[in-house]
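**Q**
Residue numbers (the numbering used here): 4 to 128.
(1) Assuming residue 21 and residue 44 make a contact with CB atoms under 8 Å, what is their CB distance in whole Å?
(2) How many whole angstroms separate the CB atoms of residue 47 and residue 37, which I take to be in contact at a CB cut-off of 8 Å?
(3) List the endpoints of the continuous alpha helix (DSSP H) containing residue 25.
(4) So what's residue 98 in DSSP terms, helix, strand or just coil?
(5) Roughly how far, in whole angstroms, is the beta-carbon of residue 23 from the beta-carbon of residue 33, given that I think they are within contact range, below 8 Å?
(6) Check whether the Cβ atoms of residue 123 and residue 74 sit closer than 8 Å, and answer yes or no.
Here you go:
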């Protein structure tokens, strides 16, 4: 992912250090970019979650721990988005439906996310 950002900066002919902002899950690629491309960084702004150093990450343990803490399968979608090789293709093919799930009417969001978006395997359906 970091090489994609480097390629984008090169394509845009941006060769000066930049300000990188990462919010929520965007904090991870932002911090990795700063870690692996320090000469390209003027400033790094991280919002929402703490720095997470590179290392082993057990997605199943994390999903299970959050499920126990929250009382429902709150992060099951990570399995699809983070490790399913078909995720990008399926999301692109069904972009409108995916966006409807991401941004449902405010009153419907908790129910849709708990039942359709969040449980392991449901988002792929």
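We put the beta carbon where it would ideally sit given N, CA and C, even for glycine. Values in this document were obtained by computation on a predicted structure and should not be read as measured data.
**A** A quick look at the data gives this:
(1) 7 Å
(2) 5 Å
(3) Element bounds for residue 25: not the alpha helix (DSSP H) but the beta strand (DSSP E), 21-26.
(4) helix
(5) 5 Å
(6) no
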